[in-house]
Every structure is written in structure tokens, then in C-alpha cells.
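A.B. asks:
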Amino acid sequence: MRITGLETTLFACPPAGRRRTAGAPFAGCVVGLLTDSKLSGIAIGGSDLRVELAALTRQFLKGEDPRAAPALWQRMMDGRARSAGRAKTRAAMALLDLSLWDLKAKANDEPLWKTLGGSRPRVNAVASCSDGTLNDTELVKWFTDLAREFGFKSGMLRPGRDAGTDRRRLGRVRKALSSDAGEPELAIDAAGNWTAEQAIRRAREVERRFDLAWIALAAPRRDATGLKKVSDSVRAALCAGRGLRFPGDFQPHFQERSIDLVQVDIGLNGITGALQLADAAFGFELPVMLCAAPGNIQAQLAGAMPYVMNVEVTAPRPTEELFTTDVRIEDGHAVAGDAPGNGLGLNRAALARAAVQKLPARSSGR
Amino acid sequence: MKITGYRVEQYLMRLDRAIADCNLASGVDLLPGSILFLETDENITGIALGAGAGLDGLFKFIEGADPREVVGLWCRMNDSLHKIGNRGITSFGLSAFDMALWDLKAKIEDAPLWRTLGAREGRVKAYASGLDYCLTDEELFAFYRRMAELGIDSGKLKVGLDLNADMRRLGIMREALSVASRSPALMIDSNEYWSPKQAVRWIRRMEEKFDLIWVEEPARRWDYHGLRQVSRQVKAAVATGENLHSVADVYPLIANRAVDVLNVWTGHSGVTGCLQVARLAQAFDLPVSMMNAQANYMAQVAAAIPNHWMMEVVDPGREHCLKFDNRIEDGFIVLGESPGWGVEVDEKKLKELQAHPPTGRGQFPFPRREGAGRYIVPPAKGEVPW
Ligand SMILES: [Mg+2]
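Sequence lines, in order, name chains A and B.
The numbering used here runs 205 ahead of the 1-based position in the first sequence.
The numbering used here runs 4 ahead of the 1-based position in the second sequence.
As C-alpha cells, this is what we get:
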């Protein structure tokens with residue numbers, strides 16, 4: 206099988222019934238990697254990457270056998286060594302890697318998790334509310350709905366104005382997620398917006414009443430010294446990795462043990478980079494959290510990683526009709542099915558209706 | 005497809021030439037061999053060259069499973085060894101099942117393993133390694149010249165007991181390789197015989213005359229202080245790893261910056277474990293180098309490792325009951341399109357070997373030589389032919 210070309214579609218659709226991120230439309234870019242067979246490799250990303258995708262495909266993928274997905278990832282990384290750190294180049298590489306692996310699995314007529322050598326993924330799912338602007342009522346409704354329908358027992362939310370707000374909101378989320386099964390697991394995603402000192406004060410204050418399982422990005426993502434300081438001062442595990450673009454960026458974190466839980470984002474690292482990171486983390490005895498991705502296909506990787514703790518879920522099922530996924534959330538777990546490839550299916554008619562020439566300025570890619 | 009059973013065939017092999025390091029300087033030419041055959045309900049069999057031990061205890065974790073889920077099965081087997089530890093001979097059992105499972109996974113796809121693992125080309129740079137402590141100077145030259153004529157431009161010499169002889173033989177190796185390159189890459193391997201400071205003293209002396217690219221196992225496998233010290237005090241890179249069994253064993257070396265080149269192999273818990281080690285090394289920008297293997301079968305894995313440097317080729321002649329689909333060309337191991345490992349067992353030859361076991365000089369595994377890590381015991385009269 207050889208790669209012949211690429212089709213990309215930009216889409217934007219208004220927020221569906223349940224609100225996503227403060228009314229921002231769900232928007233992004235659908236990639237179809239075309240081959241000389243009937244198969245095409247599908248991936249969905251969150252921004253307009255058409256220029257980068259086309260250039261990378263022309264330069265590195267045309268005429269290649271998609272079964273060499275990992276080698277092609279390395280080829281793109283080496284070939285664009287100078288610009289591989291740019292957000293758009295890197296995200297485009299990751300999208301192409303996802304499409305290549307989709308093809309590699311489809312060529313075997315098997316689900317991606319099996320191509321990766323994994324056992325069927327059934328992995329703890331974390332309901333992650335990435336919208337910090339929701340008021341308490343909206344927040345409680347979001348978590349209550351998710352707990353009821355999907356059985357989430359673990360929740361992560363953005364911090365509020367101050368520790369008092371955090372405690373109030375954590376209390377409500379805890380209640381929303383509580384069940385007969387017992388106490389839920391609670392976590393905060395500070396998104397790198399605090400300094401280490403702020404993080405220590407805030408977290409210690411919150412920890413007087415709440416047992417936080419982890420705090421994501423309690424300090425800027427590269428600040429290994431700061432994160433280590435926080436980790437040594439709070440009970441919660443420190444979690445970081447999102448936004449780091451090269452395996453080497455994780456070196457100081459591994460070396461200093463500045464993080465206790467490694468975020469791995471297929472949206473930046475593709476599947477190839479994610480597998481590398483997961484094995485490196487395993488070598489350092491660090492568990493992995495797989496960051497949210499459209500259709501929750503990140504769960505496909507869980508069975509092939511030796512030390513996965515959980516997957517982050519921001520949308521338990523595609524709320525728009527643009528695409529379908531073979532990963533379902535049940536009883537608080539993400540479970541992958543048997544559909545060949547990464548399990549993403551496109552609703553071509555709906556996609557055509559949602560197609561746009563330019564993405565809206567504010568949008569959500571998940 | 006389901007795993008249904010397995011069998012192990014043991015045999016003895018007489019090498020075409022003897023091999024040695026400084027620990028057993030007189031060398032051996034008789035080695036035990038074993039092959040694991042992993043059977044399925046669909047008439048495809050996976051093999052692993054080297055069967056380890058403790059297979060019965062591990063088999064229940066893969067029985068009835070789909071071999072394509074090999075990484076998940078690796079985790080299950082690894083977890084099962086929690087208390088006893090993924091170590092020693094048991095570790096080789098886990099490795100063997102993992103290797104046979106990967107063979108099956110590739111065979112199900114009807115692809116060579118390098119393709120299943122995602123390599124773009126079935127091609128791996130080779131270096132020559134004579135395991136040559138028991139070779140005469142003439143045999144030493146002949147071995148490296150034969151390798152150089154295949155385009156191999158790098159060589160690794162066994163050293164350790166006699167500095168003058170080591171220096172002379174380094175010169176012979178360089179001369180033999182010089183037809184492949186004007187400046188062949190030279191390496192030495194002392195197999196943990198020296199103390200770290202002995203290593204520094206001898207290597208510094210060697211470096212006055214030779215540009216060594218790496219020195220292998222100049223201190224003990226787990227001694228990260230010693231390995232790091234050697235790395236800092238000599239120009240050459242420190243290579244180590246061949247006596248470690250998992251990524252967990254490698255972690256202290258990397259965390260303490262005690263290794264510059266990681267020797268990787270099947271003994272790092274199979275293909276799955278070997279990839280884990282390679283990926284950990286990659287995150288720390290370290291190159292890895294695949295250890296030698298019968299029929300060079302591990303080149304299948306090396307081809308798929310992006311931070312792989314070059315693979316050890318010993319070629320002592322130990323493939324009498326194997327047919328394999330790879331060759332050395334222009335200094336590279338070139339892998340064919342045969343599925344899986346690209347290795348087939350000639351069962352008729354194997355039966356012959358079992359029925360009429362060859363005789364020879366054998367002691368395996370190599371012991372540690374007297375004096376190791378403390379004082380040097382030079383070769384006794386007649387112990388080495390040089
Ligand atoms: Mg060695």
C-alpha cells in the first residue's frame with residue numbers, strides 16, 4: 206500500500222445541547238490520508254493545519270508504505286529538525302502519525318489497540334472539565350450528567366479565583382461524582398498558570414479539606430525545579446507533560462522526579478511519540494495519563510503501554526454528528542471495540558454541512 | 005488465532021571457530037542451543053532462539069491468548085514475576101515467549117518483523133566483534149579482514165589481561181579493517197574484568213595510540229559510580245547493558261548518567277523489553293547498539309529502533325540447523341521479506357544434532373575470571389595462542 210495524497214476538511218459547528226467550553230464552537234480539521242488502496246487514514250485535530258499537513262505529506266509521506274508509521278514519524282522529526290518544535294508543525298506531524306497508524310491497523314483489518322500489541326483497553330477514565338468559566342450550577346450539572354450516564358468516579362477541574370472557591374467547587378463536584386462505590390478521585394488542572402509558590406499555598410490550603418489525587422501543571426510545564434518544589438510540599442501527585450514537544454523535554458522531569466504522573470498527549474506526540482514516552486516513563490517508574498483526544502482514541506493506546514494510570518476524557522462521546530468513535534465510556538472506564546483502525550468514522554454528509562473555509566477565532570478542538 | 009501449546013528443543017552446537025573473552029581466555033567452541041516453538045490453532049508456529057527456563061509457570065498467562073496482543077501479554081507475564089523478580093534465567097523464559105509471540109504477530113501479517121515493528125527499511129549497520137581472545141594474531145587479522153571485505157568498517161576487540169598484547173592486537177584489527185575505511189571505528193570490551201580505575205589506567209594508555217569510540221563494560225554492570233567515573237576520565241564512550249535484564253535494571257544507569265551507549269538485546273525481556281530500553285535511551289538522547297545474535301535475527305528489531313547505532317556481528321558459525329533470510333552487504337545487515345524473524349529451523353538437521361551431539365570445548369555461561377575487579381591474572385602458559 207502506498208500513500209497517494211491527502212484530503213483535509215475544516216469544520217465548525219455550534220456548541221451542542223450540553224455546553225462544551227463556554228459556548229465556543231467545536232471546530233477543527235479532519236485529515237484523510239489517501240492510498241492506492243480503498244483504505245484511507247483518518248485523524249481529527251483542533252486547528253487549521255492545512256498548510257503544514259500538505260507540505261509534510263508532499264515531502265515525507267507520498268509514495269511511502271504506511272506500515273512504516275514509526276519510521277515516517279522519525280523521518281518527519283529529522284527532516285524538520287529546526288521547526289519540529291513549532292506548535293503547528295508538531296501538531297500536523299502528530300495528526301499524520303495518527304492517520305498512518307490508522308492505516309497500519311486497517312491494513313491488518315484489526316483495531317489499533319491490537320496492532321500496537323495491546324490487550325483490549327479497559328482503562329480508568331477521568332472526567333475532565335477544561336472550562337474554567339462554568340458557574341457552580343453548570344459545573345455540577347456537567348459532572349452529575351457524566352457520572353449518571355457514564356459512571357465516572359474521577360474528576361478534574363480548573364481552579365477558581367482562590368482556595369476558598371476551589372474548596373467550594375471541589376465539594377460540589379465530589380458530591381456529584383459520589384456513588385455507592387465510594388469516594389470519587391478529585392484532581393485540579395492548573396494549566397501552568399501558577400508559579401510554584403502560588404501552587405504550594407493554594408494546594409496546601411485545598412488539601413486541608415480535600416484529598417487531591419494529583420495536580421496537573423501546578424507550575425509552568427518546563428519548570429522542573431519549580432514542579433519539584435511543589436511536589437515536595439504537597440500530598441498530591443504532580444502531573445505534567447502536556448505541551449512538551451520532544452522526548453528530551455521530559456529529561457529534567459525524569460531526572461529530578463519533578464513529576465509523579467506523566468501526561469502523554471497524542472495530539473502533539475502522535476502514537477509513535479506517545480509510545481516512546483510511555484516506555485521511558487515506565488523505565489523511571491512513572492505512571493502515565495493519556496490526554497483527551499477527539500473520539501477518545503487515546504484509549505486505544507492504553508493496552509499497549511506498561512504503566513497507564515488513566516485517560517483524560519473531556520467529551521465521553523462525540524456530541525456532534527460529524528464523526529463516530531469505537532471507544533465508549535462505561536462504568537467509569539474507557540473501553541475500545543473491534544472496529545478496524547483507530548475506530549473514528551466520518552459522517553460525510555454532516556461534515557459537508559459543517560465545512561468552513563476558516564476556523565472561528567475561539568473554538569474547542571475536543 | 006490462539007496460543008495452544010509449546011515445545012522446546014535442546015541441542016549442542018559446535019561453532020566453526022572458538023570464541024572467548026578475557027574471563028575465559030582459552031575459549032569455547034561448544035555451546036548449548038535451545039529453540040522454543042510456540043504453537044497456535046492455525047498452523048502457524050512462532051519461534052524463539054533461546055528458550056530460557058521457567059516456561060511452564062509463565063505459559064498459563066499466554067495460553068489461549070491472541071499472539072497479536074503481545075505487549076499486553078508481556079505485561080501479564082512481567083506482573084506474574086513480581087515477587088521472584090524479572091531476573092536471571094526466569095527472565096530469559098519471559099524473553100523467549102515474548103520473542104516467539106512477536107514472530108507470530110509478524111507471521112500473521114505475513115510480514116518480516118522489521119515491517120511489523122514499523123521500520124521503513126530492513127537494513128542495519130554492522131560492526132565486527134570477534135569474541136577473539138582465543139584467536140592467534142593471524143586468525144584475528146583474517147576475521148576482521150573477512151568482515152572488512154563485507155564492507156564493515158568498525159571492530160570490537162576483547163581485551164583485559166595484557167596491555168602490550170591488547171595494543172598489538174588493536175593495531176592488527178585496525179590494519180585488517182583499513183580496507184573498508186581509512187579510519188575504522190575501534191572498540192574494546194573487557195567484560196567487567198577491570199576495576200574502574202584499572203580501566204581508566206589501561207584505556208588512557210590505549211588512547212595514546214588509538215582513537216577508541218567505545219569501551220564496553222569497563223566496570224560492573226550495576227556500578228553506576230564506576231561506569232560514570234570511567235566515562236568522565238577517558239575520551240571514549242562507555243557502553244554497557246548486556247548483563248541487565250529489564251528497563252528497571254537500566255534506570256539507575258541512565259538516572260546517574262553512567263552510560264553513553266546502551267548495549268541492548270533480547271535478554272532485556274524480549275522484543276518488548278528491548279524496545280522499552282531503547283525508548284528510554286532515546287528520551288535521554290543516548291544511542292543503543294544491538295548485541296550479536298544467532299543468524300543476526302535481532303537485526304529485525306534493530307532496524308525499527310530510531311536511535312540504533314550499529315549491531316554486533318560475531319559470525320562464529322552457529323547456524324547449522326537454521327535457514328535465515330538476511331545477508332551482510334556494504335557493511336549493513338540486509339533483511340529479506342520472509343515473515344517474522346525470517347528464520348526457519350531445519351528440523352532434520354536439528355534431529356541429527358540431537359542424535360549425535362558434537363563434542364568440543366565447552367563451558368557456558370562464561371565464569372568471572374580470578375582477580376576480577378582487584379588484580380590482573382595474566383594468561384597462563386598455553387592459555388591463549390598469542
Ligand atoms: Mg560485551
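Yeah, the Cβ is synthetic: ideal placement off N, Cα and C, and Gly gets one too.
1. Quick one: using the 10 Å Cβ neighbour count with 16 as the cut-off for buried, is residue 371 (chain B) buried or exposed?
2. If you scan the stretch 235 to 320 of chain A from start to end, which runs of the alpha helix (DSSP H) of 4 or more residues do you find wholly inside it?
3. Would you check if the stretch 306 to 323 of chain A and the stretch 59 to 73 of chain B touch, i.e. whether three or more CB-CB distances between them fall below 8 angstroms?
4. Contact criterion: CB-CB distance below 8 angstroms. Does residue 325 (chain B) meet it with respect to chain A?
5. If you scan the stretch 337 to 398 of chain A from start to end, which runs of the alpha helix (DSSP H) of 4 or more residues do you find wholly inside it?
6. Could you tell me whether any non-hydrogen atom of ligand 1 is closer than 7 angstroms to the CB of residue 260 (chain B)?
7. For ligand 1, is there any heavy atom lying closer than 7 angstroms to the beta carbon of residue 220 (chain B)?
8. Enumerate in chain order the residues of its own chain whose CB-to-CB distance from residue 7 (chain B) is below 7 angstroms, with the five nearest sequence positions on each side excluded.
9. Output the distance between the C-alpha atoms of residue 307 (chain A) and residue 247 (chain A), rounded to the nearest integer angstrom.
10. For a cutoff of 8 angstroms on Cβ pairs, would you count residue 206 (chain A) as touching chain B?
11. Given the structure, does residue 196 (chain B) come close to ligand 1, in the sense that its CB is under 7 angstroms from one of the ligand's heavy atoms?
12. Determine, for residue 126 (chain B), whether the minimum Cβ-Cβ distance to residues of chain A falls below 8 angstroms.
13. On the premise that residue 207 (chain B) lies in contact with residue 161 (chain B), defined as a C-beta separation below 8 angstroms, what is that separation, rounded to the nearest angstrom?
14. Closer than 7 angstroms by beta-carbon distance: list the chain A residues that pair up with residue 288 (chain B), in chain order.
15. Take residue 46 (chain B) and list the residues in its own chain whose beta-carbon comes closer than 7 angstroms to its own, dropping the five residues that flank it on each side.
16. Under 8 angstroms Cβ-Cβ, which residues of chain B neighbour residue 481 (chain A)?
17. Decide if residue 260 (chain A) is buried, meaning its Cβ has at least 16 other Cβ atoms within 10 Å, or exposed.
18. Taking buried to mean at least 16 other C-beta atoms within 10 Å of its own C-beta, is residue 239 (chain B) buried or exposed?
19. Is residue 193 (chain B) near ligand 2, in the sense that its beta carbon is under 7 angstroms from a heavy atom of that ligand?
20. Please check if any C-beta of chain B sits within less than 8 angstroms of the C-beta of residue 164 (chain A).
21. Would you say residue 227 (chain A) faces chain B, with C-beta separation under 8 angstroms as the test?
22. Would the stretch 511 to 518 of chain A count as touching the stretch 553 to 564 of chain A if we require 3 or more Cβ pairs under 8 angstroms?
23. Is there contact between the stretch 281 to 291 of chain B and the stretch 103 to 114 of chain B, where contact requires at least three CB pairs shorter than 8 angstroms?
24. The stretch 60 to 77 of chain B: which residues have C-beta closer than 9 angstroms to a C-beta of chain A, in chain order?
25. Is it true that the stretch 9 to 17 of chain B meets the stretch 146 to 157 of chain B, where meeting means three or more beta-carbon pairs spaced less than 8 angstroms apart?
26. Given a threshold of 16 other Cβ atoms within 10 Å of its Cβ, counted over all protein chains shown, does residue 409 (chain B) qualify as buried or as exposed?
27. Expressed to the nearest angstrom, what Euclidean distance is found between the alpha-carbon atoms of residue 126 (chain B) and residue 427 (chain A)?
28. Do residue 237 (chain A) and residue 245 (chain A) have their beta-carbon atoms positioned less than 8 angstroms apart in this structure?
29. Are the CB atoms of residue 112 (chain B) and residue 349 (chain B) within a distance shorter than 8 angstroms?
30. Closer than 7 angstroms to a non-hydrogen atom of ligand 1 - does that hold for the CB of residue 90 (chain B)?
31. Given residue 368 (chain B), which residues of its chain have a CB within under 7 angstroms of its CB, disregarding the five upstream and five downstream residues?
32. Per DSSP, what kind of secondary structure is residue 276 (chain B) in: helix, strand or coil?
33. Does the Cβ-Cβ distance between residue 270 (chain B) and residue 103 (chain B) come in under 8 angstroms?
34. Given a cut-off of 8 angstroms, decide if residue 20 (chain B) and residue 2 (chain B) are closer than it, judged by their beta-carbon atoms.
C.D. replies: If we stick to the structure as given:
1. Residue 371 (chain B) is classed as exposed because its beta carbon has fewer than 16 other beta carbons within 10 Å across all chains shown.
2. 255 to 261, 274 to 284, 292 to 312 and 317 to 320
3. yes
4. Residue 325 (chain B) does not count as touching chain A.
5. 341 to 355 and 368 to 382
6. No, Cβ of residue 260 (chain B) sits at least 7 angstroms from all heavy atoms of ligand 1.
7. yes
8. 42, 44, 66, 67, 68, 69 and 71
9. Rounded to whole angstroms, the separation of the alpha carbons of residue 247 (chain A) and residue 307 (chain A) is 7 angstroms.
10. no
11. no
12. no
13. That belief does not hold up - the Cβ atoms of residue 161 (chain B) and residue 207 (chain B) are roughly 12 angstroms apart, past 8 angstroms.
14. 456
15. 5
16. 283, 286 and 287
17. Answer is exposed; the Cβ neighbour count stays below 16.
18. exposed
19. The model on display carries ligand 1 but not ligand 2.
20. The question about residue 164 (chain A) has no answer, for chain A in this structure spans 206 to 571.
21. Since pLDDT at residue 227 (chain A) reaches only 42, below the 50 mark, its modelled position is unreliable, and no value is offered.
22. no
23. no
24. The residues in question are 69, 70, 72, 73, 74, 75, 76 and 77.
25. no
26. Shown here, chain B extends from 5 to 390; a query on residue 409 (chain B) therefore has no answer.
27. Cα to Cα, residue 126 (chain B) sits roughly 37 angstroms from residue 427 (chain A).
28. yes
29. no
30. no
31. 32, 35 and 36
32. helix
33. yes
34. As displayed, chain B neither begins before 5 nor continues past 390, which places residue 2 (chain B) out of reach and without an answer.
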